[in-house]
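Residue numbers for the sequence shown follow numbering that gives the first Met the number 0, so the first one is 0 and each next one is one higher.
A virtual CB, placed ideally from N, CA and C, is assigned to each residue, including glycine.
See below for the structure under consideration.
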Amino acid sequence: MKNDLLTIGPVTIHGYGLMIGIGVIAAYLTAEYRAKKLKLDPDQVFSLVIWCLIFGGLGSKLLFCLTTLDQILADPSFLLHSLANGWVVYGGLIGGVLGGFLFCRHKKINFLSYFDLALPSVALAQGFGRIGCFLAGCCYGLPTDSPIGITFTNSAYAPNGVSLIPTQLISSGLDFLHFFVLLFIAKRKKAEGQVGGFYLIFYSVGRFILEYFRGDMARGSVGELSTSQFIAVFTLLAGIGIVLGSRCLASRGVRAFLTGPDGTAFRPEAADDAGEESAAGGNAPDNGESVPDGNASDADASESAGSGASAEKEEEK
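Encoded structure:
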């Protein structure tokens with residue numbers, strides 16, 4: 000594939016960077032649009048994206064350094080040479096979630112609501128990002144004789160002239176499918192945090208399986224598992240815990256986990272108003288009379304007493 004798409008003077012537009020940029024913009028626009036639909040503050044989305052990008056970039060680079068620590072110690076210049084292309088998706092994901100959490104704490108807004116808002120957009124951005132990986136030739140698959148094999152001829156990362164499993168495109172397709180499935184879940188969720196939890200479940204399972212078909216195993220390993228598979232075990236457990244735990248806590252009335260109709264944000268003031276209206280409705284007279292219920296028996300007693308007095312006067316006559 001061709002990563003250098005266009006050169007204008009000294010400026011070259013690379014396919015990888017272009018796809019990353021498109022993914023970030025698409026993620027921001029979809030998150031902002033959905034924030035309005037979900038009754039969240041769309042003005043917070045831009046700042047949230049910035050925080051997530053900064054922490055995600057740091058996390059991605061940090062995990063890359065950890066997985067290539069031997070190479071860095073043997074040749075420190077390796078780190079300088081990899082500043083532009085040494086990124087690990089899982090590190091970016093973990094760092095981005097941490098950045099989002101710190102942002103929500105700073106702004107004193109419900110992290111779980113924005114967690115559910117952001118994760119479908121993250122899947123969308125990843126779909127475009129994997130197309131960028133395909134154009135650059137990184138994150139390539141194992142050699143194959145299958146008709147689906149892709150042969151790179153001018154890649155700085157993948158082995159050229161060898162038919163490889165297009166793991167980048169498979170991953171991209173799964174990410175786009177992931178995006179639409181999460182949107183479907185978002186409209187039917189029963190608690191805040193469930194969309195993010197399902198994202199972790201789906202991504203972890205897909206990534207764990209896809210790792211068996213990756214050919215760039217220089218990314219490190221833990222025992223028999225690749226680094227990404229090892230992390231996927233924990234993110235899968237975290238996702239399951241979030242889905243089950245959020246549902247349980249929401250059923251107990253913990254407000255941070257409550258959600259409004261059709262996945263909208265829970266509004267405490269709306270719930271309080273509804274409770275007050277319900278209480279007021281329970282005390283309203285059923286017969287439409289203006290006399291309060293508590294005084295009705297007194298009025299009847301007075302009427303009976305008056306009738307009795309009239310009868311006595313008739314007898315006296």
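Pick helix, strand or coil for residue i, following the three-state DSSP scheme.
i: ASP174; result: helix
i: LEU224; result: strand
i: SER162; result: strand
i: VAL44; result: helix
i: THR29; result: helix
i: LEU39; result: coil
i: ARG187; result: coil
i: ILE108; result: coil
i: PRO119; result: helix
i: ILE71; result: helix
i: ARG213; result: strand
Within 10 Å of its beta-carbon, does residue i have 16 or more other beta-carbons around it, so buried, or fewer, so exposed?
i: ASP349; result: Any answer about residue 349 is impossible in this case: the structure gives the chain only from 0 up to 316.
i: ASP174; result: buried
i: ALA73; result: exposed
i: LEU163; result: buried
i: ARG33; result: buried
i: GLY55; result: buried
Going by C-alpha distance, which of the options is nearest residue i?
i: CYS51; options: PHE63, CYS64, PHE110; result: PHE110
i: THR66; options: LEU47, ILE53, VAL48, VAL87; result: VAL87
i: CYS132; options: LYS186, ALA157, PRO9; result: ALA157
i: GLY42; options: GLY56, PHE54, TYR27; result: Before going further, note that residue 42 is Asp rather than Gly in the sequence given. Closest by alpha carbon: TYR27.
i: ARG206; options: LYS188, GLN193, LYS189, ALA231; result: ALA231
i: PHE229; options: ALA249, VAL161, GLY90, ALA185; result: GLY90
i: LYS60; options: VAL48, VAL44, ILE93; result: ILE93
i: ILE234; options: PHE256, GLY222, HIS177, GLY196; result: Contrary to the premise, residue 234 reads as Thr rather than Ile in this sequence. Closest option to THR234, Cα to Cα, is GLY196.
i: SER154; options: ILE7, TYR15, GLY8, VAL10; result: TYR15
Which residue comes first and which comes last in the alpha helix (DSSP H) that contains residue i?
i: VAL204; result: 193–209
i: LEU79; result: 76–80
Can you tell me where the beta strand (DSSP E) holding residue i begins and where it ends?
i: ILE147; result: From DSSP, ILE147 is part of no beta strand (DSSP E); its letter is neither H nor E.
i: LEU4; result: 3–7
i: THR11; result: 10–13
Distance cutoff 8 Å, beta carbons only. Does residue i sit that close to anything in chain B?
i: LEU72; result: Of the protein chains in this structure there is only one, and it is not chain B.
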